[in-house]
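These notes concern the structure reproduced below.
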Amino acid sequence: MACTGVLMLCNPTPRLRTLRLHRSVLIACIGLFAQTLNWTGNMFAGSTIFAVIYSSVTIWAALLSRFLMQRILTVWQWLGIFTVFIGLAITGFEARNQGDRIFLGASMITVGAILHALSHSLSELISVRGPRVPPYVNSCAQGMVCLVLVSSWQCTYTASHWEKIAEPMEEAGTSWGYAFLLLGAVAVGNLVHAATFFYLLTSIGVVSTGVLKSLQ
(Lines of atoms letter the chains of each structure in order from A and count residues from 1; the text may use other names and numbers.)
(Lines give C-alpha, C1' and ligand atoms only; values in the text may rest on other atoms or scores of the structure.)
Protein backbone atom coordinates (compact mmCIF):
# COMPACT_ATOMS: atom_id res chain seq x y z
CA MET A 1 0.00 0.00 0.00
CA ALA A 2 2.76 2.42 0.92
CA CYS A 3 4.39 1.97 -2.49
CA THR A 4 1.33 3.37 -4.27
CA GLY A 5 2.84 6.76 -3.40
CA VAL A 6 4.99 6.41 -6.53
CA LEU A 7 1.83 7.09 -8.52
CA MET A 8 2.07 10.69 -7.34
CA LEU A 9 4.89 11.03 -9.85
CA CYS A 10 2.51 10.11 -12.67
CA ASN A 11 -0.58 12.06 -11.59
CA PRO A 12 -1.19 15.72 -10.72
CA THR A 13 -1.39 15.76 -6.94
CA PRO A 14 -2.42 18.62 -4.63
CA ARG A 15 0.06 19.74 -2.00
CA LEU A 16 0.07 17.15 0.75
CA ARG A 17 -0.24 19.89 3.37
CA THR A 18 -3.63 20.81 1.94
CA LEU A 19 -4.99 17.27 2.28
CA ARG A 20 -6.64 16.03 5.45
CA LEU A 21 -4.43 12.99 5.79
CA HIS A 22 -5.27 12.58 9.47
CA ARG A 23 -8.45 10.89 8.26
CA SER A 24 -6.39 8.32 6.35
CA VAL A 25 -4.33 7.73 9.50
CA LEU A 26 -7.48 7.04 11.51
CA ILE A 27 -8.86 4.69 8.84
CA ALA A 28 -5.56 2.80 8.74
CA CYS A 29 -5.70 2.25 12.50
CA ILE A 30 -9.29 0.99 12.22
CA GLY A 31 -8.35 -1.36 9.38
CA LEU A 32 -5.29 -2.76 11.17
CA PHE A 33 -7.27 -3.34 14.36
CA ALA A 34 -10.01 -5.03 12.32
CA GLN A 35 -7.59 -7.43 10.65
CA THR A 36 -5.95 -8.22 13.98
CA LEU A 37 -9.36 -9.21 15.35
CA ASN A 38 -10.17 -11.22 12.23
CA TRP A 39 -7.04 -13.36 12.16
CA THR A 40 -6.93 -13.84 15.91
CA GLY A 41 -10.60 -14.85 15.81
CA ASN A 42 -9.78 -17.27 13.02
CA MET A 43 -7.27 -19.06 15.26
CA PHE A 44 -9.75 -19.20 18.14
CA ALA A 45 -12.92 -20.17 16.29
CA GLY A 46 -11.59 -22.09 13.32
CA SER A 47 -11.63 -21.46 9.59
CA THR A 48 -15.22 -22.65 9.06
CA ILE A 49 -16.74 -20.04 11.35
CA PHE A 50 -14.29 -17.45 10.07
CA ALA A 51 -15.32 -18.00 6.43
CA VAL A 52 -19.02 -17.72 7.24
CA ILE A 53 -18.80 -14.61 9.44
CA TYR A 54 -16.13 -12.80 7.43
CA SER A 55 -18.14 -13.20 4.24
CA SER A 56 -20.61 -10.70 5.76
CA VAL A 57 -18.12 -7.86 5.16
CA THR A 58 -19.82 -6.96 1.89
CA ILE A 59 -23.22 -6.84 3.59
CA TRP A 60 -21.89 -4.53 6.31
CA ALA A 61 -20.28 -2.38 3.62
CA ALA A 62 -23.64 -2.07 1.86
CA LEU A 63 -25.37 -1.03 5.09
CA LEU A 64 -22.62 1.47 5.95
CA SER A 65 -22.73 2.85 2.41
CA ARG A 66 -26.43 3.50 2.89
CA PHE A 67 -25.87 5.07 6.32
CA LEU A 68 -22.79 7.18 5.55
CA MET A 69 -23.45 8.16 1.92
CA GLN A 70 -27.22 7.60 1.57
CA ARG A 71 -26.70 5.29 -1.36
CA ILE A 72 -29.53 3.10 -2.61
CA LEU A 73 -28.35 -0.22 -3.99
CA THR A 74 -29.85 -1.83 -7.05
CA VAL A 75 -31.41 -5.28 -7.06
CA TRP A 76 -28.38 -6.60 -8.98
CA GLN A 77 -26.00 -5.29 -6.34
CA TRP A 78 -27.93 -6.97 -3.53
CA LEU A 79 -28.05 -10.16 -5.61
CA GLY A 80 -24.27 -10.03 -6.01
CA ILE A 81 -23.79 -9.42 -2.29
CA PHE A 82 -25.86 -12.38 -1.17
CA THR A 83 -24.39 -14.62 -3.89
CA VAL A 84 -20.93 -13.89 -2.50
CA PHE A 85 -22.11 -14.41 1.08
CA ILE A 86 -23.78 -17.75 0.37
CA GLY A 87 -20.91 -18.95 -1.82
CA LEU A 88 -18.25 -18.21 0.78
CA ALA A 89 -20.40 -19.69 3.54
CA ILE A 90 -20.78 -22.96 1.61
CA THR A 91 -17.05 -23.05 0.89
CA GLY A 92 -16.33 -22.56 4.58
CA PHE A 93 -18.04 -25.80 5.53
CA GLU A 94 -15.26 -27.73 3.82
CA ALA A 95 -12.65 -26.19 6.10
CA ARG A 96 -11.60 -27.09 9.64
CA ASN A 97 -14.66 -27.45 11.84
CA GLN A 98 -13.82 -25.53 14.98
CA GLY A 99 -11.24 -23.92 17.20
CA ASP A 100 -10.79 -24.19 20.92
CA ARG A 101 -12.44 -20.89 21.91
CA ILE A 102 -15.36 -20.62 19.53
CA PHE A 103 -17.54 -17.93 21.11
CA LEU A 104 -14.65 -15.55 21.72
CA GLY A 105 -13.31 -16.12 18.23
CA ALA A 106 -16.71 -15.64 16.58
CA SER A 107 -17.23 -12.40 18.51
CA MET A 108 -13.82 -11.10 17.43
CA ILE A 109 -14.48 -11.97 13.79
CA THR A 110 -17.89 -10.27 13.87
CA VAL A 111 -16.46 -7.03 15.25
CA GLY A 112 -13.50 -7.31 12.89
CA ALA A 113 -15.77 -7.77 9.86
CA ILE A 114 -17.80 -4.70 10.77
CA LEU A 115 -14.69 -2.57 11.34
CA HIS A 116 -13.13 -3.85 8.11
CA ALA A 117 -16.24 -2.83 6.19
CA LEU A 118 -16.17 0.53 7.98
CA SER A 119 -12.57 1.17 6.91
CA HIS A 120 -13.49 0.51 3.27
CA SER A 121 -16.58 2.71 3.46
CA LEU A 122 -14.66 5.56 5.07
CA SER A 123 -11.92 5.24 2.44
CA GLU A 124 -14.51 5.74 -0.26
CA LEU A 125 -16.12 8.60 1.65
CA ILE A 126 -12.96 10.71 1.98
CA SER A 127 -12.13 10.17 -1.71
CA VAL A 128 -15.50 11.17 -3.16
CA ARG A 129 -17.10 13.57 -0.65
CA GLY A 130 -15.99 16.89 0.81
CA PRO A 131 -12.25 17.73 0.79
CA ARG A 132 -11.15 14.76 -1.28
CA VAL A 133 -8.01 12.72 -0.83
CA PRO A 134 -6.81 11.11 -4.11
CA PRO A 135 -7.10 7.30 -3.90
CA TYR A 136 -3.38 6.65 -4.41
CA VAL A 137 -2.49 9.20 -1.72
CA ASN A 138 -5.05 7.68 0.63
CA SER A 139 -3.64 4.21 -0.01
CA CYS A 140 -0.06 5.39 0.51
CA ALA A 141 -0.89 7.20 3.75
CA GLN A 142 -2.70 4.19 5.16
CA GLY A 143 0.13 1.92 4.07
CA MET A 144 2.74 4.08 5.77
CA VAL A 145 0.80 4.05 9.03
CA CYS A 146 0.41 0.25 8.93
CA LEU A 147 4.09 -0.10 8.02
CA VAL A 148 5.17 1.88 11.08
CA LEU A 149 2.83 0.03 13.45
CA VAL A 150 3.62 -3.45 12.12
CA SER A 151 7.36 -2.72 12.01
CA SER A 152 7.23 -1.67 15.64
CA TRP A 153 5.61 -5.01 16.48
CA GLN A 154 8.18 -6.91 14.43
CA CYS A 155 11.09 -5.13 16.12
CA THR A 156 9.76 -5.86 19.60
CA TYR A 157 7.71 -9.04 19.84
CA THR A 158 8.77 -10.90 16.68
CA ALA A 159 12.48 -10.21 17.15
CA SER A 160 12.36 -11.65 20.66
CA HIS A 161 10.61 -14.81 19.39
CA TRP A 162 12.65 -15.25 16.22
CA GLU A 163 13.01 -19.01 16.74
CA LYS A 164 9.30 -19.40 15.91
CA ILE A 165 10.17 -18.31 12.38
CA ALA A 166 13.69 -19.67 11.93
CA GLU A 167 13.03 -23.20 13.20
CA PRO A 168 10.03 -23.96 10.92
CA MET A 169 12.04 -22.56 7.97
CA GLU A 170 14.91 -24.93 8.72
CA GLU A 171 12.56 -27.89 9.06
CA ALA A 172 10.95 -27.06 5.72
CA GLY A 173 14.33 -26.53 4.06
CA THR A 174 13.48 -22.96 3.04
CA SER A 175 16.44 -20.70 2.30
CA TRP A 176 16.48 -17.01 3.18
CA GLY A 177 16.92 -16.13 -0.47
CA TYR A 178 13.77 -18.01 -1.40
CA ALA A 179 11.90 -16.46 1.52
CA PHE A 180 12.83 -12.93 0.44
CA LEU A 181 11.86 -13.80 -3.14
CA LEU A 182 8.41 -14.82 -1.92
CA LEU A 183 8.09 -11.65 0.16
CA GLY A 184 9.06 -9.57 -2.87
CA ALA A 185 6.41 -11.29 -4.99
CA VAL A 186 3.82 -10.64 -2.27
CA ALA A 187 4.88 -6.98 -2.13
CA VAL A 188 4.42 -6.57 -5.89
CA GLY A 189 1.05 -8.27 -5.73
CA ASN A 190 -0.03 -6.03 -2.87
CA LEU A 191 1.05 -2.95 -4.83
CA VAL A 192 -1.17 -3.91 -7.77
CA HIS A 193 -3.99 -4.88 -5.41
CA ALA A 194 -3.87 -1.63 -3.42
CA ALA A 195 -3.65 0.61 -6.48
CA THR A 196 -6.60 -1.03 -8.22
CA PHE A 197 -8.66 -1.48 -5.04
CA PHE A 198 -8.55 2.17 -3.97
CA TYR A 199 -9.14 3.31 -7.55
CA LEU A 200 -12.23 1.11 -7.79
CA LEU A 201 -13.50 2.44 -4.45
CA THR A 202 -13.74 5.93 -5.92
CA SER A 203 -15.02 4.74 -9.30
CA ILE A 204 -17.71 2.13 -8.61
CA GLY A 205 -18.16 2.33 -4.84
CA VAL A 206 -17.37 0.13 -1.88
CA VAL A 207 -20.16 -2.41 -2.48
CA SER A 208 -19.34 -3.29 -6.09
CA THR A 209 -15.63 -3.27 -5.23
CA GLY A 210 -16.29 -5.66 -2.34
CA VAL A 211 -18.15 -8.05 -4.62
CA LEU A 212 -15.27 -8.00 -7.13
CA LYS A 213 -12.73 -8.44 -4.32
CA SER A 214 -14.53 -11.57 -3.21
CA LEU A 215 -13.64 -13.19 -6.53
CA GLN A 216 -10.08 -13.59 -5.27
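Take any residue in the sequence shown, note its place counting from 1, add 1, and you have its number in the working numbering.
Don't be surprised by glycine CBs; every beta carbon is placed ideally from N, CA and C.
Note that the structure is predicted; figures quoted are calculated from it, not measured.
Between the alpha carbons of residue i and residue j, how many angstroms are there, rounded?
i      : j      : result
Val193 : Phe45  : 31 angstroms
Glu171 : Trp177 : 10 angstroms
Gly185 : Thr175 : 15 angstroms
Ser25  : Glu168 : 38 angstroms
Gln71  : Leu64  : 9 angstroms
Tyr179 : Arg102 : 35 angstroms
Phe68  : Thr84  : 22 angstroms
Lys165 : Asn191 : 25 angstroms
Phe51  : Gln36  : 12 angstroms
Gly47  : Arg18  : 45 angstroms
Ser161 : Leu182 : 24 angstroms
Gln155 : Val76  : 45 angstroms
Ile205 : Pro136 : 13 angstroms
Arg197 : Leu27  : Residue 197 is actually Thr in this sequence, not Arg. The alpha-carbon atoms of Thr197 and Leu27 are separated by roughly 21 angstroms.
Compare the Cα-Cα distances from residue i to each of the options and report the closest residue.
i      : options                           : result
Gln143 : Arg72, Ala188 and Phe199          : Phe199
Thr111 : Gln78, Val53, Asn191 and Leu123   : Val53
Ile60  : Ala180, Ser176, Ile103 and Leu119 : Leu119
Ala195 : Ser140, Asn43 and Thr157          : Ser140
Ile87  : Tyr55, Asn191, Leu74 and Leu184   : Tyr55
Asn43  : Asn191, Arg18, Ile73 and Phe104   : Phe104
Residue i and residue j look like a contact to me (Cβ under 8 angstroms); what is the Cβ gap, rounded to whole Å?
i      : j      : result
Ala114 : Val58  : 5 angstroms
Val134 : Ile127 : 5 angstroms
Arg21  : Pro132 : 6 angstroms
Excluding the 5 residues preceding and the 5 following residue i in the sequence, name in chain order all residues of the same chain whose CB lies nearer than 7 angstroms to its CB.
i      : result
Val207 : Ala62, Ser66, His121, Ser122 and Glu125
Ile31  : Leu116, Leu119 and Ser120
Phe34  : Leu116
With the cut-off set at 7 angstroms, would you say residue i and residue j are in Cβ contact?
i      : j      : result
Thr49  : Met109 : no
Thr203 : Val129 : yes
Excluding the 5 residues preceding and the 5 following residue i in the sequence, name in chain order all residues of the same chain whose CB lies nearer than 6 angstroms to its CB.
i     : result
Ala29 : Gln143, Val146 and Cys147
His23 : none
Leu38 : Met109, Val112 and Gly113
Report all residues from its chain with a CB closer than 8 angstroms to the CB of residue i; omit the five preceding and five following residues, and keep chain order.
i      : result
Ser209 : Gln78, Gly81 and Leu201
Val1   : In the structure as shown, the chain starts at 2 and stops at 217, and residue 1 therefore has no counterpart that could be examined.
Check whether the Cβ of residue i lies closer than 6 angstroms to any heavy atom of the ligand ATP, and answer yes or no.
i      : result
Val187 : Here there are no bound small molecules, and the ligand ATP is not part of this structure.
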